[in-house]
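What follows is one structure encoded as structure tokens, with my remarks underneath.
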Amino acid sequence: MSAATIREDIFNLPNLLTLFRIALIPVVSLFIYYGDPMSGLIAVLLFWVASVTDWLDGYLARKRNLVSLTGKFLDPLADKLLVMATLLMLLPLGRISPWLVMIILAREFSVMGLRSIAAGEGFIIAAGQGGKFKTAFQMTGLLGLIIHYEYLVDYWFIEFRLNFHLIGLWLLIISVIFSLQSAYEYFKGFLEAIEKVQSEATGRE
36 MSAATIREDI
46 FNLPNLLTLF
56 RIALIPVVSL
66 FIYYGDPMSG
76 LIAVLLFWVA
86 SVTDWLDGYL
96 ARKRNLVSLT
106 GKFLDPLADK
116 LLVMATLLML
126 LPLGRISPWL
136 VMIILAREFS
146 VMGLRSIAAG
156 EGFIIAAGQG
166 GKFKTAFQMT
176 GLLGLIIHYE
186 YLVDYWFIEF
196 RLNFHLIGLW
206 LLIISVIFSL
216 QSAYEYFKGF
226 LEAIEKVQSE
236 ATGRE
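Taking the working numbering, I'd label the letters of the sequence shown as residues 36 to 240.
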């Protein structure tokens with residue numbers, strides 16, 4: 036592979052968006068750390084921008100045929116770093132329970148390990164619907180926990196208080212349920228793939 040090809044593989048538009056998302060992580064973390072309402076809203080905006088780039092880089096990679104090995108590595112890494120950094124910043128603020136963080140991180144590391152082993156063995160474990168639901172509830176729940184504060188909604192004759200912390204917490208709990216379900220799917224798919232590889236190897240003998 037030539038130097039020009041390597042540069043194209045690394046510095047294409049989808050990968051630059053992914054790198055931008057990674058660069059946003061310490062900025063998001065800093066505003067979460069401040070803990071006041073205005074900083075929380077800024078952190079939410081930046082978190083949302085990072086989430087949009089996650090969708091956009093994948094769309095552009097497929098649309099413009101710019102799928103690369105670098106992108107396949109960086110994109111899921113950026114997602115995990117964003118979620119993990121947010122969880123760890125929310126923890127000392129008392130906005131999330133340690134056991135929730137432990138379950139989420141244990142699931143992420145377990146699935147990452149399975150994917151690495153699968154890639155080394157030459158097969159892919161397809162992501163199920165549970166993983167997609169997990170991501171949707173997790174990202175939305177984290178937004179609620181970052182905002183944290185209760186806000187008054189006053190629209191015409193409708194008036195009520197919106198507790199973003201409570202909403203975010205319940206959404207994150209739902210995401211944990213989908214996390215465990217999708218982790219089971221990954222483990223099941225991994226074991227089935229291993230059995231298939233072993234049976235094929237036995238058949239060749």
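We put the beta carbon where it would ideally sit given N, CA and C, even for glycine.
Please read all numbers here as calculations on a predicted model, not as lab measurements.
Between which two residues does the beta strand (DSSP E) containing residue i stretch?
i    : result
Y69  : Run containing Y69: none in the beta strand (DSSP E); it sits in the alpha helix (DSSP H), 48-69.
F144 : Segment 133-156 is the alpha helix (DSSP H) holding F144; no beta strand (DSSP E) there.
I159 : No beta strand (DSSP E) contains I159, which DSSP labels as neither H nor E.
Y94  : Element bounds for Y94: not the beta strand (DSSP E) but the alpha helix (DSSP H), 72-98.
R196 : 193-198
Just the C-alpha distance for residue i and residue j, rounded to the nearest angstrom, thanks.
i    : j    : result
S217 : G129 : 27 Å
M137 : F144 : 11 Å
L241 : Q233 : This structure cannot settle anything about residue 241, because the visible part of the chain is limited to 36 through 240.
L76  : A228 : 44 Å
F168 : E194 : 31 Å
Y94  : G165 : 21 Å
M73  : K231 : 54 Å
E185 : R99  : 43 Å
S151 : A141 : 15 Å
R196 : L204 : 16 Å
A113 : K223 : 26 Å
T90  : I181 : Note on identity: in this sequence residue 90 is Trp, with Thr being the wrong assignment. Distance between the alpha carbons of W90 and I181 is about 21 Å.
Y219 : P49  : 31 Å
L207 : Q173 : 5 Å
L187 : V146 : 40 Å
W201 : T88  : The question names Trp, yet the displayed sequence has Leu at residue 201. Roughly 27 Å between the two C-alpha positions.
For residue i, count the other beta carbons within 10 Å of its own beta carbon; 16 or more makes it buried, fewer makes it exposed. Which is it?
i    : result
A154 : exposed
I159 : exposed
Y262 : The question about residue 262 has no answer here: the residues shown for the chain are numbered 36 through 240.
F108 : exposed
L81  : buried
Considering Cα atoms alone, identify which of the options is closest to residue i.
i    : options               : result
D110 : L206, R56, L135, L123 : R56
V62  : W83, N50, L51, N47    : W83
K115 : D92, L226, I60, G157  : I60
T105 : F46, I139, A85, G176  : F46
L51  : F66, A85, I67         : A85
G176 : V211, E156, L149      : V211
First and last residue of the alpha helix (DSSP H) that includes residue i?
i    : result
L122 : 104-125
Is DSSP giving residue i helix, strand or coil here?
i    : result
Y184 : coil
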